[in-house]
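Undergrad: Encoded as structure tokens, here's the structure I'll be asking about.
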Amino acid sequence: MSKNSKPAAQVPPYLETLNPEQQEAVLHSGSPLLILAGAGSGKTRVITTKIAYLIRDRGMDPRSILAVTFTNKAAREMADRARIIEPRAGDAMLRTFHSFGAWFLRRNGSVLGLNPSFVIYDDDDTVSLLATLMGDSSRAEVKHTAHLIARAKDYFLNPDDPELDIIEHRSSFRKTYARYEERMLQIGNVDFGDLIKKPVEALRVSPELAQRFRDRFRVILVDEYQDSNVAQFELLKALCGPETYVCVVGDDDQSIYRFRGAEVRNILEFPDRFPGTEIVRLERNYRSTAPILDLASSVVDHNEGRLGKKLRSERGPGKTPTLAFLPDQDSEVAFCAELIGQSVSGKTSRYSDWAVLYRTNAQSLGFETEFLRRRIPYRVVGSLKFYEREEVKDALALLSFLVNPRDEVAFRRVVNKPARGVGAATVDRIVLEASAGMFAGDGGLGLSQDGLEGDLAAASRRVLSSLSAKAKAGLETFLSAVEGARTLLSGDGPGGEDDGGGSASDPESPKTKSKKGGKKKEAAPDLRGGVGLSACVVRLVQDAGIAEYHLAHDEIAGNQRIANLQELANAASLYPAGEEGLLEFLEHVELDRSMEQDEGVDDAVTLITLHNTKGLEFPRVIMTGLEQGVFPRDDKKGDDLEEERRLFYVGATRAMDELYITSCAQRRLFGRTQPTQPSLFLHEITPDAVRIIGSCPYGFTPTEQPPADRSSGMVPNRSGPINGQAKRSSDGRWQVGDRVFHDDYGYGAVTNIREGDDGPVIQVGFETGREVRFLSEFQSSRFMKIQADDF
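For the sequence shown, the residue numbers in our numbering are 9 to 799.
Okay, structure coming up:
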């Protein structure tokens, strides 16, 4: 017990259901308090009970209590649960940080010259204002600048602050930021960053105001403190006086929102910034079984930036987590589908018990496709289903128009996206011109019926001369993009597996070319073409401007949209580069879309990114894509890598009863199949904390268990059983996962086996990324099978 806590005999009856550590946190008073609350340890119960306790048993005026959190949902839940224990808790101020900031400025903004009737600008408003200040800058550059200004305010940095170079070192940014702030002051409005930053400035400029608020709020509670940014810390510090009782609740191991400005140092350095801080650790976990917690802890323990705690399961022992090494992502989705399907058919679970977790939204495509094929109901949480996403629908509209230049719906969707000056009236005129059926034989861009009635591409060419200069240039850009893709598709233009993607190292790549006058062009979307149809997809979405349009939304959402476009190109790489391949691909997509289920289905598998799982729990969890470069990404170092490790911890601790982790030997990336290595995090798992199935990659330390057990459970192909042997060739010479060496190609592994007319056909993926197929009967002597120790 804390030295400031009540003796056990004086514990009120409504606290008796709390465990000793929870009671200690609730009863604590006097010095600052950090409640270090592990995953599933009941932190919300503690903070709401503490609010009720302060009012009921400590005699605090409810209006003197301020509790802040990060979402309206969390604030409502906090208020509702506190009122159940003590109805007067409804008079306490329980708000989000931004809601408190708005409330504060409406009443006290005058000390900064702010009128109480100010309007709060959202992101679009900020971009619109910046556009008027940035001259002929592109929309992408304006949006990026808006993002940098928001980040600067998260870190409580002004235009003249020397540390602003951390955000952006260019002097032009300082000038733009300063002009933006001046203009906002003239207009009299605020943006979201101001809702935190300006209250701090007001409290600093007016000591009388600061004292009034310190007298008003004698208790300040902060929930989810690990998600706070620098500006929010400054607000907390400005509100706290010598007599203020401050209590923060959070988990340093669950700080995963650095990309939104969250600063994990706020919680790590809280004891230093608030002298005399006591720490109460909530380490009893009520969600997960012991083996799941042991695995999660074994990884996050490798982080240096943490206060340290050890979760203990109140649920006791359970099933050891399973790590499945699979040949490729098709095997991965098949493994998940089989695992879920067998569990549901065996009546041991419902679909809704399962969650499939992945690092990026783009990874949902494979699972959506496989689940639709197997009639497994699912819901995508935190984003639209893959084919419903705006950028994906735009790309498919371009492809539809490429294959059918009479597709009016597709034409209307993308001809003026991004804005090219081709307004609705011009589009109507083109459609009318096409439907007239005149000038047959002009030579449209159709794949098979050039120039026939209704060809919108040909009609567009006919009206070009009568358009304004802007509309003419914009329409020509669109038509040239379609024509370029048509040329590439037909094989008449420059080809190659990398066509359409560009290279950052190539001085003539679209990524590095400069505009006239030496001005460096902003970075192009990082899309790369590869084998099959993918090069055509990448070239079309880049040349038509769709990729750059979606990248311009903002740094975070834009990159996610580009990842979705890349995943669409990856899917297209499975189809041949030609008209027939494009038609087959579009037919596959349409069939998938037609199979999509009603969103009202209650019993469904959850597909969700790791970031979106925070605060959720599921009986059975599958964490997918545990490969280096996927999770974590190769660019993650230092603090960023530690945050990725915390993200792994968050994902693992969502599981209540069963946890599965998958890692693939190869994956389709940037339009081609590439070999991958197991994630760094898999190497950090304590050997006895996981059961391994499948073929362990070379250099990976397997769990100490009998060899027969170690290899069971592998799903080598889309139809293989979960608990069966890996697929073997009919002559018994080969099985999926066998390691091989070839004098010309080097080291590799058998990735697929199928039976052909002349016997087994063996497919080998090599470390170089090359894939080779051979007939077992005639060429097996050229492929030396090797043991893992020899590899």
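Ideal Cβ positions, reconstructed from N, Cα and C, are used throughout, including at glycine.
Just so we're clear, the structure is a prediction, and the values are computed from it rather than from any experiment.
Taking just the CA atoms, how far does E598 sit from G349?
TA: Approximately 25 Å, taken between the alpha carbons.
Undergrad: Please report the Cβ distance between I616 and V389, rounded to the nearest whole angstrom; I am assuming they are in contact, meaning their Cβ atoms lie under 8 Å.
TA: Their Cβ separation, rounded to whole angstroms, is 4 Å, which keeps I616 and V389 in contact under 8 Å.
Undergrad: Locate the alpha helix (DSSP H) running through F221, then write down its first and last residues.
TA: Looking at the DSSP string, the run of the alpha helix (DSSP H) that includes F221 is 215–224.
Undergrad: Quick check: the Cα distance between L315 and P683, rounded to an integer number of angstroms?
TA: Cα to Cα, L315 sits roughly 37 Å from P683.
Undergrad: Okay, do the stretch 629–645 and the stretch 389–403 touch, 3+ Cβ pairs below 8 Å being the bar?
TA: The stretch 629–645 is not in contact with the stretch 389–403.
Undergrad: Closer than 8 Å is the cut-off here; do at least three beta carbon pairs connect the stretch 168–183 with the stretch 198–212?
TA: Contact fails: fewer than three Cβ-Cβ distances are below 8 Å.
Undergrad: Quick one: Cα of I693 to Cα of P686, how far?
TA: Answer to the nearest angstrom: the Cα atoms are 12 Å apart.
Undergrad: Return yes when the Cβ of S671 is within less than 7 Å of the Cβ of L624, no when it is not.
TA: No, they are not a contact pair.
Undergrad: Does DSSP classify I73 as helix, strand or coil?
TA: Note: I73 maps to strand in three-state DSSP.
Undergrad: I'd like to check one pair, P329 with L688: are the Cβ atoms closer than 7 Å?
TA: No. Outside cutoff.
Undergrad: Give the DSSP-derived three-state secondary structure of P207 in the structure shown.
TA: Helix.
Undergrad: I believe D361 touches P627 by the beta-carbon criterion, under 8 Å. Please report the beta-carbon distance rounded to the nearest angstrom.
TA: Rounded, the Cβ-Cβ distance is 4 Å, consistent with contact.
Undergrad: Quick one, are the C-beta atoms of A403 and L576 less than 7 Å apart?
TA: Their beta carbons are under 7 Å apart, which means A403 touches L576 by this criterion.
Undergrad: Write down every uninterrupted run of the beta strand (DSSP E) in the stretch 63–108 whose length is 3 residues or greater and which is fully enclosed by it, in chain order.
TA: Listed in chain order, the complete beta strand (DSSP E) runs (minimum 3 residues) inside the stretch 63–108 are 73–77, 101–104.
Undergrad: According to the neighbour-count rule (16 or more other Cβ atoms, all chains shown, within 10 Å of its Cβ), is Q219 buried or exposed?
TA: Under this definition Q219 is an exposed residue.
Undergrad: Find out if the Cβ-Cβ distance for the pair A580, V545 is shorter than 7 Å.
TA: Yes, they are a contact pair.
Undergrad: What does the Cβ neighbour count give for P207, buried or exposed, with the cut at 16 atoms within 10 Å?
TA: Buried, by the Cβ-count rule.
Undergrad: Between D611 and the rest of its own chain, which residues show a CB-CB distance below 8 Å, the 5 nearest in sequence each way excluded?
TA: For D611, where only same-chain residues beyond five positions count, the Cβ hits under 8 Å are R358, Y359, S360, P385.
Undergrad: With a 10 Å radius around its C-beta and 16 neighbouring C-beta atoms as the bar for buried, classify T79 as buried or exposed.
TA: So T79 counts as exposed.
Undergrad: Please go through the stretch 299–337 and give each complete beta strand (DSSP E) segment of 3 or more residues, from N-terminal end onward.
TA: Counting only runs of 3 or more, we get 330–334.
Undergrad: Output the distance between the C-alpha atoms of E216 and S118, rounded to the nearest integer angstrom.
TA: If you take the alpha carbons of E216 and S118, they lie about 14 Å apart.
Undergrad: How many Å lie between S306 and R641 at the Cα?
TA: About 20 Å.
Undergrad: Suppose the cutoff is 6 Å on Cβ atoms and the five residues either side in sequence are ignored; what does the same chain contact list for L74 look like?
TA: Closer than 6 Å at the Cβ level, and outside the excluded window around L74, lie M101, F225, I228.
Undergrad: Could you check which residue in Q371, I554, A427 has the C-alpha nearest to that of L618?
TA: Here the closest residue by C-alpha is Q371.
Undergrad: Need the endpoints of the beta strand (DSSP E) that F164 sits in, please.
TA: Element bounds for F164: n/a, residue is neither H nor E.
Undergrad: Below 8 Å on the Cβ atoms is my contact criterion, and I expect L406 with L535 to pass it. Report the Cβ-Cβ distance as a whole number of Å.
TA: Going by Cβ atoms, the distance from L406 to L535 rounds to 13 Å, so no, they are not a contact pair.
Undergrad: Between the stretch 150–163 and the stretch 103–112, can you find at least three pairs of beta-carbon atoms closer than 8 Å?
TA: The answer is no - the stretch 150–163 does not touch the stretch 103–112, with fewer than three Cβ pairs under 8 Å.
Undergrad: In chain order, what residues of the same chain have a beta carbon less than 7 Å from the beta carbon of G566, not counting five sequence neighbours either side?
TA: These residues qualify, in order along the chain: H558, L559, A560.
Undergrad: Let me know the secondary structure DSSP gives L373 once reduced to three states.
TA: Here L373 sits in helix by DSSP.
Undergrad: Decide if the stretch 478–497 is in contact with the stretch 423–430; the criterion is three or more beta carbon pairs, one per stretch, under 8 Å apart.
TA: Enough Cβ pairs lie closer than 8 Å, so yes.
Undergrad: Restricting to Cα atoms, I'd like to know which of P21, K81, G48, C248 is closest to T661.
TA: Comparing Cα-Cα distances from T661 to each of P21, K81, G48, C248, the minimum goes to G48.
Undergrad: Going by DSSP, which residues form a beta bridge with S671?
TA: For S671, which the question treats as bridged, DSSP gives the partners F333.
Undergrad: Reducing DSSP to helix, strand and coil, say where Y233 ends up.
TA: Three-state DSSP puts Y233 in a helix.
Undergrad: With DSSP run on the structure shown, which of helix, strand or coil describes E149?
TA: Helix at E149.
Undergrad: Tell whether a beta-carbon distance below 7 Å holds between A90 and A139.
TA: Not closer than 7 Å, so no.
Undergrad: How many angstroms separate the CA atom of V198 from the CA atom of Y129?
TA: Going by the C-alpha atoms only, they are around 6 Å apart.
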